[in-house]
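To keep things clear, I will list the structure first and then write my remarks on it.
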Amino acid sequence: MNPPHATVAAVVLAGGGGSRFGGAHNKVYLPLAGRRVVSWSLMALARVPEISRIILTVRPEDRELAAQILDRELPGIAVTLIDGGDTRHTSEHNAIRHLEPAVLAGEIDVIMIHDGARPLIAPSLICSIIDVAREVGGAVPGLPATDVVEVDGHDRVRDRFSGSTLVRVQTPQAFRADRVVAAYAAAAADGFTGSDTSSCIERFTDAAIRHVPGDERNIKLTYPQDLFMAEQILAASGYSLK
Amino acid sequence: MAADPRWADSTHHVDLVCRQCGQSELHELRYAGRLLASSTCLNCGAVVKHDESDLRRAYLKDLEGRLRTKPGRMAKRAVRHPAAFVTQLPYAILRKPARLLEEAKPVLAGLLGAHQR
Numbered sequence: 024m025n026p027p028h029a030t031v032a033a034v035v036l037a038g039g040g041g042s043r044f045g046g047a048h049n050k051v052y053l054p055l056a057g058r059r060v061v062s063w064s065l066m067a068l069a070r071v072p073e074i075s076r077i078i079l080t081v082r083p084e085d086r087e088l089a090a091q092i093l094d095r096e097l098p099g100i101a102v103t104l105i106d107g108g109d110t111r112h113t114s115e116h117n118a119i120r121h122l123e124p125a126v127l128a129g130e131i132d133v134i135m136i137h138d139g140a141r142p143l144i145a146p147s148l149i150c151s152i153i154d155v156a157r158e159v160g161g162a163v164p165g166l167p168a169t170d171v172v173e174v175d176g177h178d179r180v181r182d183r184f185s186g187s188t189l190v191r192v193q194t195p196q197a198f199r200a201d202r203v204v205a206a207y208a209a210a211a212a213d214g215f216t217g218s219d220t221s222s223c224i225e226r227f228t229d230a231a232i233r234h235v236p237g238d239e240r241n242i243k244l245t246y247p248q249d250l251f252m253a254e255q256i257l258a259a260s261g262y263s264l265k
Numbered sequence: 003m004a005a006d007p008r009w010a011d012s013t014h015h016v017d018l019v020c021r022q023c024g025q026s027e028l029h030e031l032r033y034a035g036r037l038l039a040s041s042t043c044l045n046c047g048a049v050v051k052h053d054e055s056d057l058r059r060a061y062l063k064d065l066e067g068r069l070r071t072k073p074g075r076m077a078k079r080a081v082r083h084p085a086a087f088v089t090q091l092p093y094a095i096l097r098k099p100a101r102l103l104e105e106a107k108p109v110l111a112g113l114l115g116a117h118q119r
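If you're matching them up, the sequences are chains A and B in order.
For the first sequence, the positions run 24 to 265 when our numbering is used.
For the second sequence, the positions run 3 to 119 when our numbering is used.
This is the structure we're talking about:
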């Protein structure tokens, strides 16, 4: 059992990817309804009292821009900048290594990982993920994948999934901190690179990971239309998702 | 802290997936103030844009809000970084008209287009 003062650390990933094209921006720094994309999720995390530390992983070339955004848009919110890596897994590992002393000291009992390209996270979703992660070990939000069919080698539809067995996974994902530290240390020793946090936890620990109902508004900015939609969702919510 | 040159641009370039050509390609995004006005895929030319009359209405409303809150925002900045505020203020004032004109271009272009039609 963790001491009663144990709190949550949130890691927002903005360090991966990059562009094949020179001069292109990282989409987490695009303007969105008066702030940068990444500021919306950092603000949502800062509104959750249980979260005591927020880490933003950045590409080294974006560090100055990220610092300016924090200064202008999030004054008073403490965010630590950490250099990301070439992959999502490496960025996560860099952040987890930074948090490891606090985890070992019992100051942090849950680590939450969030994709900076998902600006529309509601504090209510964050809280439910933290609660489930504390209870069972890990929590991953998702939405039922009701539009999925299985196709055989000849492009024939074989079966329709019921929709109750597959979910489209979102972030933030949260896990007990000691499991996260152990899993990423084991992954490094094994040379394993996971596609997301839960894949690494599943492979290297016995932590149970439970699905939590996701939020339709929690879109990942992938298509140009997503930016327009995100603007509308924010305007409709009065620029503060509940 | 010197402003990053990418800070106040009204045009941004970013990789997004185009629904028309299906590729992850560079897109040019044009903003009218704080609102996204249009997105153009630089691979296939597909354009996604705000409805012009909606954009005009939303831009004017947004501009009004920005003007109303500007003194407060400037005061906060002056308190946080007094030296930078004082040294950068003349430059910011001189640049403001050009920046406003630049950001209003998508709205003005829509107005001119509608007038010519």
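Even glycine gets a Cβ: it sits at the ideal position worked out from N, Cα and C.
Since we're looking at a predicted model, the values are computed, not measured.
Kindly identify the DSSP beta-bridge partner or partners of residue i.
i, result
"V102 (chain A)", "A:I77"
"H14 (chain B)", "B:L31"
"P164 (chain A)", "A:V235"
"L55 (chain A)", "A:R58"
"H121 (chain A)", "Bridge partners of H121 (chain A): none, in fact."
"T30 (chain A)", "A:I131"
"L93 (chain A)", "Answer is none; L93 (chain A) lacks a bridge partner."
"E84 (chain A)", "For E84 (chain A), which the question treats as bridged, DSSP gives no partner whatsoever."
"E158 (chain A)", "Partner(s): none; E158 (chain A) has no beta bridge."
"H48 (chain A)", "B:V16"
"A37 (chain A)", "A:V81"
Checking contacts by CB at 9 Å: is residue i closer than that to chain B?
i, result
"T245 (chain A)", "yes"
"V36 (chain A)", "The sequence as given places Leu at residue 36 (chain A); Val does not occur at that position. Chain B contact via Cβ: absent."
"P83 (chain A)", "no"
"L104 (chain A)", "no"
"Q193 (chain A)", "no"
"D170 (chain A)", "no"
"P98 (chain A)", "yes"
"H116 (chain A)", "no"
"D94 (chain A)", "yes"
"P142 (chain A)", "no"
"P72 (chain A)", "no"
"M24 (chain A)", "The predicted position of M24 (chain A) is uncertain, since its pLDDT is 49 and thus under 50; no value can be drawn from it."
"K50 (chain A)", "yes"
"L55 (chain A)", "yes"
"E123 (chain A)", "no"
Would residue i and residue j qualify as a contact pair, given that the criterion is a beta-carbon distance under 9 Å?
i, j, result
"I92 (chain A)", "V61 (chain A)", "yes"
"V35 (chain A)", "L97 (chain A)", "no"
"M54 (chain A)", "C20 (chain B)", "Per the sequence shown, residue 54 (chain A) should be read as Pro rather than Met. No; because the gap between Cβ atoms is not below 9 Å, this pair is not in contact."
"S218 (chain A)", "V163 (chain A)", "no"
"S151 (chain A)", "V31 (chain A)", "no"
"V190 (chain A)", "L127 (chain A)", "no"
"S12 (chain B)", "H29 (chain B)", "no"
"I131 (chain A)", "Y207 (chain A)", "no"
"T228 (chain A)", "T110 (chain A)", "no"
"P146 (chain A)", "V71 (chain A)", "yes"
"V102 (chain A)", "L65 (chain A)", "yes"
"R97 (chain B)", "F87 (chain B)", "no"
"K50 (chain A)", "V81 (chain B)", "no"
"H121 (chain A)", "P195 (chain A)", "no"
"A211 (chain A)", "R226 (chain A)", "no"
"Y61 (chain B)", "A111 (chain B)", "no"
"H83 (chain B)", "H48 (chain A)", "no"
Please list, in chain order, all residues of the same chain as residue i whose beta carbon is under 7 Å from its beta carbon, the five residues on each side excluded.
i, result
"A230 (chain A)", "G160, G161, F198, R199, R202 and I224"
"A253 (chain A)", "L55, P142, L143, I242 and L244"
"C43 (chain B)", "C20, Q22, C23, E27 and H29"
"Y262 (chain A)", "A56"
Which residues in the same chain have their Cβ closer than 8 Å to the Cβ of residue i, if we skip the five residues on either side of it in sequence?
i, result
"R68 (chain B)", "G35 and R36"
"G107 (chain A)", "L36, A37, G38, G39, T80, V81, R82, T113, S114 and N117"
"R157 (chain A)", "D132, V133 and R199"
"L65 (chain B)", "G35"
Can you confirm whether residue i, when its beta carbon is compared against all beta carbons of chain A, has any partner nearer than 9 Å?
i, result
"S55 (chain B)", "no"
"V19 (chain B)", "yes"
"C43 (chain B)", "yes"
"V109 (chain B)", "no"
"L38 (chain B)", "yes"
"V50 (chain B)", "yes"
"R82 (chain B)", "yes"
"K98 (chain B)", "no"
Cutting at 6 Å between CB atoms, please list the residues of its own chain near residue i, excluding the five before and the five after it.
i, result
"D175 (chain A)", "R181"
"I100 (chain A)", "A69"
"A33 (chain A)", "L68, I74, I77 and M135"
"R59 (chain A)", "Y52 and I92"
"P108 (chain B)", "R32, A34 and A39"
"G237 (chain A)", "P164, G165, L166 and Q193"
"L257 (chain A)", "A56"
"K51 (chain B)", "S40"
"L2 (chain B)", "Because chain B spans 3 through 119 in this model, residue 2 (chain B) falls outside it and cannot be assessed."
Could you check if residue i belongs to the surroundings of the ligand MN, using beta carbon to heavy atom distance under 8 Å?
i, result
"D219 (chain A)", "The ligand content of the structure shown is nil, which means the ligand MN is not present either."
- Item | Completely contained alpha helix (DSSP H) runs for the segment 22-107 of chain B, where each covers 4 or more residues | Counting only runs of 4 or more, we get 54-82.
- Query: In the segment 183-259 of chain A, which residue ranges form an unbroken alpha helix (DSSP H) of at least 4 residues, counting only runs that do not cross its ends?
  - Reply: Whole alpha helix (DSSP H) segments, 4+ residues: 200-213, 220-227 and 247-259.
- Task: Entirely within the segment 131-156 of chain A and at least 3 residues each: give me those beta strand (DSSP E) ranges in chain order.
- Result: Segments of the beta strand (DSSP E) lying fully in the segment 131-156 of chain A: 131-138.
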